[in-house]
Amino acid sequence: MVLTSLGASPLDPDAPEARRWLLDELAKAEYRNAEPNAFDLAMEAVRDWIASLFEGAGGLPAPVLTLLLVLLVVVLVVVGLLVFGVPRLRRRRRTLAPLFDDHDRRDLATLHRSALAAAARGDWPLAIEERFRAIVRGIVERDLVRVHPGTTARGFTDAAALPFPEHATALHAAAAEFDGVRYLGRDGSQDAYERLTALERDLGASAPADAWPEEASR
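Here is the structure:
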């Protein structure tokens with residue numbers, strides 16, 4: 001004989017009570033975690049569609065089977081793009097390349113601010129250095145020339161003259177100004193700084209040459 005308390009729920013519930021028990025049970029965390037997410041549902045739909053394509057395909061002619069395989073590949077590619085995104089042929093570098101031998105990774109805006117501040121206080125050697133570095137950074141960010149450890153100012157301008165042949169003379173003159181104040185102790189001048197500023201502006205407004213040996217600047 002089994003004894004139960006008078007307040008206990010009946011062991012043989014009616015339909016509404018059984019439905020409530022079932023809903024309470026399915027609401028538990030372990031059941032919610034087992035529910036398929038949107039990706040699982042999408043993959044299941046793709047699998048069902050692929051399976052439907054090949055049902056009874058054994059008797060199909062070879063061209064039809066080939067078409068089905070091509071469609072399958074296309075579907076897989078589309079799904080891959082949706083999941084992982086479209087690959088970029090040229091991804092922007094995560095870190096900026098150092099300029100020359102100083103491990104200088106400042107961006108273009110920072111170099112501009114530094115050049116303007118130096119010019120405002122009449123520090124022409126530093127203003128010329130920073131303006132030339134801004135010229136370099138601007139061309140590098142356009143992915144027209146790459147700098148490597150050991151790249152010199154003249155080496156850079158030789159490479160930059162390939163996409164900008166009309167500015168070759170001014171580029172080489174700018175490199176000479178940079179080397180003069182950086183390594184030879186020259187005082188620089190406001191005129192020299194303004195020439196570099198004008199050169200940077202002209203380069204920014206110029207499109208690279210239509211045909212130039214791109215690999216030579218790499």
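Note that our numbering numbers the sequence shown so that position 38 is 38, with each residue one more than the last.
Glycine is no exception: its CB is placed at the ideal position from the N, C-alpha and C atoms.
Bear in mind that the values here come from a model prediction, so they are computed numbers and not experimental data.
Return the CA-CA distance between residue i and residue j, expressed in angstroms with no decimal places.
{"i": "T110", "j": "A134", "result": "9 Å"}
{"i": "F164", "j": "H103", "result": "26 Å"}
{"i": "D221", "j": "L162", "result": "Absent from the structure is residue 221, since the part of the chain shown begins at 1 and ends at 218."}
{"i": "I128", "j": "Y193", "result": "5 Å"}
{"i": "P157", "j": "G122", "result": "Just to set this straight, residue 157 is Thr in the shown sequence, not Pro. Each residue's Cα considered, the two are about 26 Å apart."}
{"i": "A117", "j": "A173", "result": "23 Å"}
{"i": "E44", "j": "L67", "result": "22 Å"}
{"i": "R90", "j": "G185", "result": "Interpretation of R90 is limited by its pLDDT of 44, a score under 50 that renders its predicted location unreliable; the figure taken from the coordinates is listed afterwards. Whole-angstrom Cα-Cα distance: 40 Å."}
{"i": "R201", "j": "V147", "result": "21 Å"}
{"i": "D191", "j": "A119", "result": "11 Å"}
{"i": "H112", "j": "G155", "result": "22 Å"}
Just to confirm, is the Cβ distance from residue i to residue j under 8 Å?
{"i": "A159", "j": "V145", "result": "yes"}
{"i": "E130", "j": "A153", "result": "no"}
{"i": "R137", "j": "D107", "result": "yes"}
Exposed or buried, what is residue i when buried is set at 16 or more other beta-carbons lying within 10 Å of its beta-carbon?
{"i": "L199", "result": "buried"}
{"i": "P125", "result": "buried"}
{"i": "E166", "result": "exposed"}
{"i": "E177", "result": "buried"}
{"i": "Y220", "result": "No information on residue 220 is available, as it lies outside the stretch 1 to 218 that the chain covers here."}
{"i": "V181", "result": "buried"}
{"i": "L76", "result": "exposed"}
Taking residue i as the reference, give the member of the options with the closest Cα.
{"i": "A170", "options": "A120, T197, H148", "result": "T197"}
{"i": "A209", "options": "A168, V73, G122", "result": "A168"}
{"i": "R105", "options": "P149, V74, V78, V73", "result": "P149"}
{"i": "D179", "options": "T151, V70, S206", "result": "T151"}
Verify the contact flag: residue i, CB atom, against every heavy atom of the ligand NAP, threshold strictly below 7 Å.
{"i": "S189", "result": "No copy of the ligand NAP occurs in the structure displayed, which carries no ligand at all."}
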